[in-house]
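I have placed the structure first, in the form of structure tokens, so that the comments after it can refer back to it.
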Amino acid sequence: MPGITLTEEEVRKLTSCGNPDAAVLFLYRKAELPRETALAALHFTVPRMVGATDTLRQLGLWQEERPVHPTPERPQYTEEDLKREQQAGDGRFRNLVGEAQRRLGRTLSTEELKILLSLIDYLRLPTEVVGVLLYYCLERSRRRDSRAPSMRAIEKEAYRWADEGIDTLETASFYVQQQLQLHTRVQQLRQLLQIDQRRLTPAEEKYLVSWIRMGFRDDTIRMAYERTCLNTGALKWAYMNSILTSWHEQNLHTPEEILAGDAPRKPEQRRASAYQQHDAALSPLAQEAVARMLAEEDD
């Protein structure tokens with residue numbers, strides 16, 4: 022990579038975020054290397070790239086870039102444009118319309134057809150990728166017990182995919198698989214935390230996703246939940262997050278590791294520790310006296 026310079030603020034944010042992928046990606050971008058080659062150059066999977074960019078956004082270190090489109094702004098499609106595309110010999114748009122209407126269970130309006138056309142004409146997403154996108158948006162809504170997504174919501178997700186380089190059948194399929202597995206884990210943790218009478222708020226879901234990405238098992242999260250309830254009388258998200266973040270920073274991710282790290286020391290270890298804090302200031306003669314005193318206490 023070319024020589025780069027980081028500000029003190031950038032160093033502080035990157036070293037405290039706990040996400041090595043985000044730090045590597047930031048250095049890559051800081052070196053002004055091409056964004057479109059980042060996945061291959063950094064050997065990232067799509068979920069790792071998305072996680073890294075999400076972290077950098079939260080830190081205020083990510084400058085959004087729109088993909089290069091054939092025009093600066095989305096074209097204002099006309100009904101004549103729609104008619105021409107639907108009658109095109111390759112049947113690409115016509116088949117996509119049929120797929121979208123089948124999945125959404127209704128006939129698309131003229132404005133919705135214009136949005137659908139923009140996904141393949143303006144964003145340049147292959148029709149098979151748009152098909153995966155439709156499946157993902159519908160499945161995500163179904164798992165959240167909400168109504169079918171609007172075409173505006175699907176368009177918003179499509180722009181995010183285009184920005185993240187999710188533009189092949191392989192990357193789209195892999196990304197969807199990972200995201201749906203993540204959603205399943207989130208719902209499992211929701212049950213573990215006894216949240217079954219309502220949907221999670223976006224902030225609550227973000228907490229759960231961050232804990233999953235830290236690598237915590239259910240039993241570890243349950244331990245943090247119990248400590249939170251014992252100490253605060255209820256589920257306090259920020260308090261519980263501070264517990265898990267502290268464990269993560271100490272590389273403690275299982276109950277066994279946490280209990281070992283929290284285990285109280287033996288009386289003689291506590292006494293020795295208290296004396297050792299002042300050893301540097303003691304003369305050799307005084308240190309000898311301390312050693313004798315500790316030996317006498319043990320007898």
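Heads up, the sequence shown is in the numbering used here, so the first residue is 22 and it goes up one at a time. Just so it is clear, CB atoms sit at the ideal spot from N, CA and C, and this is done for glycine as well. On a predicted model such as this, the values are computed, not experimentally measured, just so you know.
(1) Take every Cβ of the segment 229-238, pair it with every Cβ of the segment 184-199, and state whether three or more of those distances are shorter than 8 Å.
(2) Report the CB separation of V151 from L103 in whole angstroms; it is logged as a contact under 8 Å.
(3) Answer with buried or exposed for A259, where buried requires no fewer than 16 other C-beta atoms within 10 angstroms of its C-beta.
(4) Of the residues D142, L125, T26, which one's Cα is nearest the Cα of A169?
(5) What first and last residue would you give for the alpha helix (DSSP H) that runs through T192?
(6) Can you round the beta-carbon distance between A179 and L154 to whole angstroms, since I take them to be within the 8 Å contact cut?
(7) Alpha carbon to alpha carbon, how far is T249 from R206? Give it in angstroms, no decimals.
(8) Under 8 Å between the Cβ atoms of E133 and M172?
(9) Indicate the three-state DSSP secondary structure (helix, strand or coil) for H274 in the structure shown.
(10) By how many angstroms is the C-alpha of R113 removed from the C-alpha of Q212?
(11) Thinking C-beta only, is T131 closer than 8 Å to I141?
(12) Just the C-alpha distance for I216 and T222, rounded to the nearest angstrom, thanks.
(13) Please identify the residue among Q122, F237, L159, L251 whose C-alpha is closest to the C-alpha of L201.
(14) Which residue comes first and which comes last in the alpha helix (DSSP H) that contains T253?
(15) Starting from the C-beta of G236, find all residues in its chain whose C-beta is less than 7 Å away, skip the five residues before and the five after it, and write them out in chain order.
(16) Let me know the secondary structure DSSP gives T99 once reduced to three states.
(17) Taking the C-alpha atoms as reference points, what is the distance between G186 and N252?
(18) Please name the residue, chosen from R95, Q271, I242, C38, that lies closest to L77 on a Cα-to-Cα basis.
(19) Under a Cβ-count criterion, where at least 16 other Cβ atoms within 10 Å of its own Cβ denotes burial, should N40 be classed as buried or exposed?
(20) For E120, tell me which candidate among Q97, Y156, L144 has the shortest Cα-Cα distance.
(21) For a quick check, are the C-beta atoms of L63 and K34 less than 8 Å apart?
(22) Which whole runs of the alpha helix (DSSP H) in the segment 22-59 are 4 residues long or more, in chain order?
(23) My understanding is that L138 touches Y98, with C-beta atoms under 8 Å, so please give their C-beta distance in whole angstroms.
(24) Among the residues of its own chain, which have a CB less than 8 Å from the CB of R243, if the five just before and after it don't count?
(25) Compare the C-alpha of L144 against each of E100, E94, Q108 and name the closest.
(26) How long is the line joining the alpha carbons of Q122 and R220, rounded to whole angstroms?
On the basis of the supplied data:
(1) With the cut-off at 8 Å, the segment 229-238 and the segment 184-199 do not touch.
(2) Taking the first residue of the sequence shown as 1, we reach residue 151 at position 130. Taking the first residue of the sequence shown as 1, we reach residue 103 at position 82. 16 Å between Cβ atoms; not a contact.
(3) Position 238 of the sequence shown holds residue 259. When all chains shown are included, A259 counts as exposed.
(4) Numbered from its first residue, the sequence shown carries residue 169 at position 148. For A169, the nearest C-alpha among the options comes from L125.
(5) Position 171 of the sequence shown, counted from the first residue, corresponds to residue 192. Here the alpha helix (DSSP H) through T192 covers 190-213.
(6) Counted from its first residue, the sequence shown places residue 179 at position 158. Counted from its first residue, the sequence shown places residue 154 at position 133. With 8 Å as the limit, A179 and L154 qualify as a contact, their Cβ atoms being about 6 Å apart.
(7) Indexing the sequence shown from 1 puts residue 206 at position 185. Indexing the sequence shown from 1 puts residue 249 at position 228. Going from the Cα of R206 to the Cα of T249 covers about 21 Å.
(8) Reading the sequence shown from its first residue, position 112 is the one you call residue 133. Reading the sequence shown from its first residue, position 151 is the one you call residue 172. Taking 8 Å as the Cβ cut-off, E133 and M172 qualify as a contacting pair.
(9) In the sequence shown, the residue the question calls residue 274 occupies position 253. Coil.
(10) Working through the sequence shown from its first residue, we reach residue 212 at position 191. Working through the sequence shown from its first residue, we reach residue 113 at position 92. Going by the C-alpha atoms only, they are around 43 Å apart.
(11) As a position in the sequence shown, residue 141 is number 120, starting the count at 1. As a position in the sequence shown, residue 131 is number 110, starting the count at 1. Against a cut-off of 8 Å, the Cβ pair of T131 and I141 comes out as no contact.
(12) Your numbering for residue 216 matches position 195 in the sequence shown. Your numbering for residue 222 matches position 201 in the sequence shown. Approximately 11 Å, taken between the alpha carbons.
(13) Position 180 of the sequence shown, counted from the first residue, corresponds to residue 201. The shortest Cα separation from L201 among Q122, F237, L159, L251 belongs to L159.
(14) Within the sequence shown, residue 253 is the residue found at index 232, counting from 1. Run containing T253: 239-253, per the alpha helix (DSSP H) assignment.
(15) Looking up residue 236 in the sequence shown gives position 215. So the list reads H274, once near-sequence residues are dropped.
(16) In the sequence shown, the residue the question calls residue 99 occupies position 78. DSSP places T99 in coil when its eight states are reduced to three.
(17) For the purposes of this step, residue 186 is taken as residue 165 along the sequence shown, with counting starting at 1. For the purposes of this step, residue 252 is taken as residue 231 along the sequence shown, with counting starting at 1. Roughly 45 Å separates the two Cα atoms.
(18) If you number the sequence shown from 1, residue 77 lands on position 56. It is C38.
(19) Reading the sequence shown from its first residue, position 19 is the one you call residue 40. Buried is the call here.
(20) The residue labelled residue 120 in the question sits at position 99 within the sequence shown. Nearest of Q97, Y156, L144 to E120, Cα basis: Y156.
(21) As a first step, residue 63 must be located in the sequence shown, where it is residue number 42. As a first step, residue 34 must be located in the sequence shown, where it is residue number 13. Taking 8 Å as the Cβ cut-off, L63 and K34 do not qualify as a contacting pair.
(22) The qualifying runs are 29-37, 41-51.
(23) Locating residue 138 in the sequence shown gives position 117, counting from the first residue. Locating residue 98 in the sequence shown gives position 77, counting from the first residue. Sure, about 6 Å apart at Cβ, within 8 Å.
(24) The sequence position of residue 243 within the sequence shown is 222, counting from 1. Excluding positions up to five away in sequence, the list reads L213.
(25) Counted from its first residue, the sequence shown places residue 144 at position 123. Of the candidates E100, E94, Q108, the one whose C-alpha sits nearest the C-alpha of L144 is E94.
(26) Here residue 122 is taken as the residue at index 101 of the sequence shown, counted from 1. Here residue 220 is taken as the residue at index 199 of the sequence shown, counted from 1. C-alpha separation (whole angstroms): 28 Å.
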